[in-house]
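Novice:
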Amino acid sequence: MAPYYLYGMSASLYTAKARSYLRKRQIDFVERAVGHPHYQQDIMPAIGRLIMPVLETPDGQLIQDTVDIVDFLEAAEPPAHPVQPTTPRQLVTAHLLELFGGEGLLRPAMHYRWNFDDENIAFLAQDFAGCMIMGGDSVQRAQVFDMASGRMRSAAVAFGVTPESIPAIEASYEEFLALFSAHLETAPYLLGGLPTNGDFGFVGPLFPHLARDPHPSALMKATAWRVWRWCERMQAPGVDAPEYGDFPGAFFADDEIPSTLRDLLAYIATENLDEVLAQVAAIDEWLADNEVVEGEVINGKPARRMLGQVTFEWRGLPLTISVVPYRLYVLQRLQEAYRGLDEVSRQSDVELFEAVGLARLLTAQARRSVRRVDNREVWGPEQEPNL
Ligand SMILES: N[C@@H](CCC(=O)N[C@@H](CS)C(=O)NCC(=O)O)C(=O)O
């Protein structure tokens, strides 16, 4: 039987998340670049946009989106240890970490990739062109990189990377490295001895951009060896944690969220809560002004993923960023996990999230949910807004 195929790029944030999951799970797969003729001729038209990663299953199904890819594989290839913890605090925390990793760490990832051309650009030019076209001469390769890097530099601005915000982005990232390093002093993964969907969320920005591009790689190696080793660990099959001795291959016992992880959650509250709430409010406002029906592709076309802009305050700066409906989709998963718990378990989540300053995330919602159908984000049913 054919294996799974993963279409993506070595430099791509979300490809790294899916690749890491496939490797850890030791699922038989072959990675192909998006320059592969099958991606160009068949997969991209079927998905309707240039986007990665895409998983092609042995029976020819196409799945775009890392959340859906992981869900699919958890069901199709049942693991010995499911990627989502089953105890209430660890379950909801893992969803929160997946949201923060995939969406909340975009600013440092984009800044450290696109604002250090002296050190990064020659590497990036080869890394991008190598995956985007198979062969091609140096002029074609340079054209492809110019087009892709132009898009990504605009995306960096859309995520809030501007000359005014750069000092705050760097200070915030240094704090993050210190907190994650302190946690990794105690355990090889975010929730103990096994990776969760939270670890896979983190690896997207941390590996291809921040551990692999020349400038941030040097910074991480010099200042956060534990984090660098975790990035390496996330590329390996199995647990890969020799420096932790015989650490138990399980999540922390008794649904524990250790103090080093609570510190990281409190950091996420300070750094990212207002941003997520601003996105929810902006989408609610957009829906107040625009008539949509359930099931309609958001923004009409799958290629248009942003829904205007929103301004919020971050580290004392007004920051204007694009509104990304997909973020609601990931947030909803946290909330659905929370709502699916019994009363006592929900209470234990409320206590944890209140203590670290994240309680609003358990219930904040716009007047419609975001769903995914046919590899596209679509509007879900109406619901009571909670802003
Ligand atoms: N939510 C999606 C996001 C995928 C995504 O944004 N991929 C980026 C690369 S890391 C992309 O394809 N960008 C292409 C472009 O916008 O030109 C996922 O989790 O897979």
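Number 106 in this note's numbering belongs to position 46 of the sequence shown; there are no gaps in the numbering.
Every residue gets a Cβ at the ideal spot worked out from N, C-alpha and C, and that includes glycine.
For clarity, every value in this text was computed on a predicted model and none was experimentally measured.
#1: By the three-class DSSP mapping on this structure, what secondary structure does Thr146 have?
#2: Tell me whether Val204 counts as near ligand 1, meaning its Cβ is closer than 7 Å to at least one heavy atom of that ligand.
#3: Any chance the stretch 326–343 sits against the stretch 158–170, with 3 or more Cβ pairs inside 8 Å?
#4: In the DSSP output, which residue or residues are listed as bridge partners for Ser382?
#5: Hey, is Gln121 close to ligand 1, as in C-beta under 7 Å from one of its heavy atoms?
#6: Cβ of Asp402 within 7 Å of any heavy atom in ligand 1?
#7: In terms of alpha-carbon separation, which member of Pro105, Gly258, Arg427 and Leu244 lies closest to Ala348?
#8: Taking 8 Å as the threshold (C-beta atoms), are Ala242 and Phe307 in contact?
#9: Give the single residue among Leu73, Pro148, Leu82 and Asn446 whose Cα lies nearest to the Cα of Ala397.
#10: Shorter than 7 Å, the distance from the beta carbon of Ser72 to the closest heavy atom of ligand 1, or not?
#11: To the nearest angstrom, how far is the alpha carbon of Arg432 from that of Ala62?
#12: May I have the straight-line CA-CA distance separating Gln295 from Arg83, to the nearest angstrom?
#13: I need the boundaries of the alpha helix (DSSP H) containing Leu73, first residue and last residue.
#14: Taking 7 Å as the cut-off, does the CB of Ile111 come closer than this to any heavy atom belonging to ligand 1?
#15: Just tell me which of Ser408, Ala326, Gly400 and Asn175 has its CA closest to the CA of Phe236.
#16: Would you say Glu134 and Val127 are within 8 Å of each other, going by their C-beta atoms?
#17: Can you tell me whether Arg289 is buried or exposed? The criterion is at least 16 other CB atoms within 10 Å of its CB, across all chains shown.
#18: Within the same chain, show all residues whose beta-carbon is closer than 6 Å to that of Asn435, passing over the 5 residues directly before and after it, in chain order.
#19: Less than 7 Å between the CB of Gly95 and some heavy atom of ligand 3, yes or no?
#20: Under 8 Å, do Phe260 and Ser80 count as touching if we go by C-beta distance?
#21: Taking 8 Å as the cut-off, decide whether the C-beta atoms of Thr75 and Met112 are in contact.
#22: Could you tell me the boundaries of the alpha helix (DSSP H) in which Arg4 lies?
#23: Please find out if some non-hydrogen atom of ligand 1 comes closer than 7 Å to the beta-carbon of Asp334.
#24: In chain order, what are the residue ranges of uninterrupted alpha helix (DSSP H) at least 4 long that sit wholly in the stretch 187–242?
#25: I need the boundaries of the beta strand (DSSP E) containing Phe89, first residue and last residue.
#26: Using a 10 Å radius around the Cβ and a threshold of 16 neighbouring Cβ atoms, would you call Lys77 buried or exposed?
#27: Go to Ile328, then tell me how far its alpha helix (DSSP H) extends in each direction, as first and last residue.
Specialist: In brief:
#1: Coil at Thr146, not helix or strand.
#2: Not one heavy atom of ligand 1 is found less than 7 Å from the C-beta of Val204.
#3: As far as the Cβ criterion goes, the stretch 326–343 touches the stretch 158–170, which means the pair count is three or higher.
#4: Gln369
#5: Not so, every heavy atom of ligand 1 lies at least 7 Å from the Cβ.
#6: No; taking the cut-off as 7 Å, the Cβ of Asp402 has no heavy atom of ligand 1 nearer than that.
#7: Arg427
#8: Not closer than 8 Å, so no.
#9: Closest in C-alpha terms to Ala397, from the list Leu73, Pro148, Leu82 and Asn446, comes Pro148.
#10: The answer is yes for Ser72.
#11: 27 Å
#12: Approximately 7 Å between the Cα atoms of the pair.
#13: Leu73 -> alpha helix (DSSP H) spans Leu73 to Arg85.
#14: Under cutoff, so the answer is yes.
#15: Ala326
#16: Going by C-beta atoms, Glu134 is not nearer than 8 Å to Val127.
#17: Buried: at least 16 other Cβ atoms inside 10 Å.
#18: Its chain contains Ile107 and Gln124 as the residues whose beta carbon lies nearer than 6 Å to that of Asn435, once the 5 sequence neighbours on both sides are disregarded; these appear in chain order.
#19: Absence of ligand 3 is noted for the structure shown, with ligand 1 being the only ligands found.
#20: yes
#21: The beta carbons of Thr75 and Met112 sit closer together than 8 Å.
#22: Outside the shown range of the chain (61 to 447) lies residue 4, about which nothing can therefore be said.
#23: no
#24: The stretch 187–242 contains these whole alpha helix (DSSP H) runs: 198–218.
#25: Phe89 to Ala93
#26: buried
#27: Ser319 to Asp349
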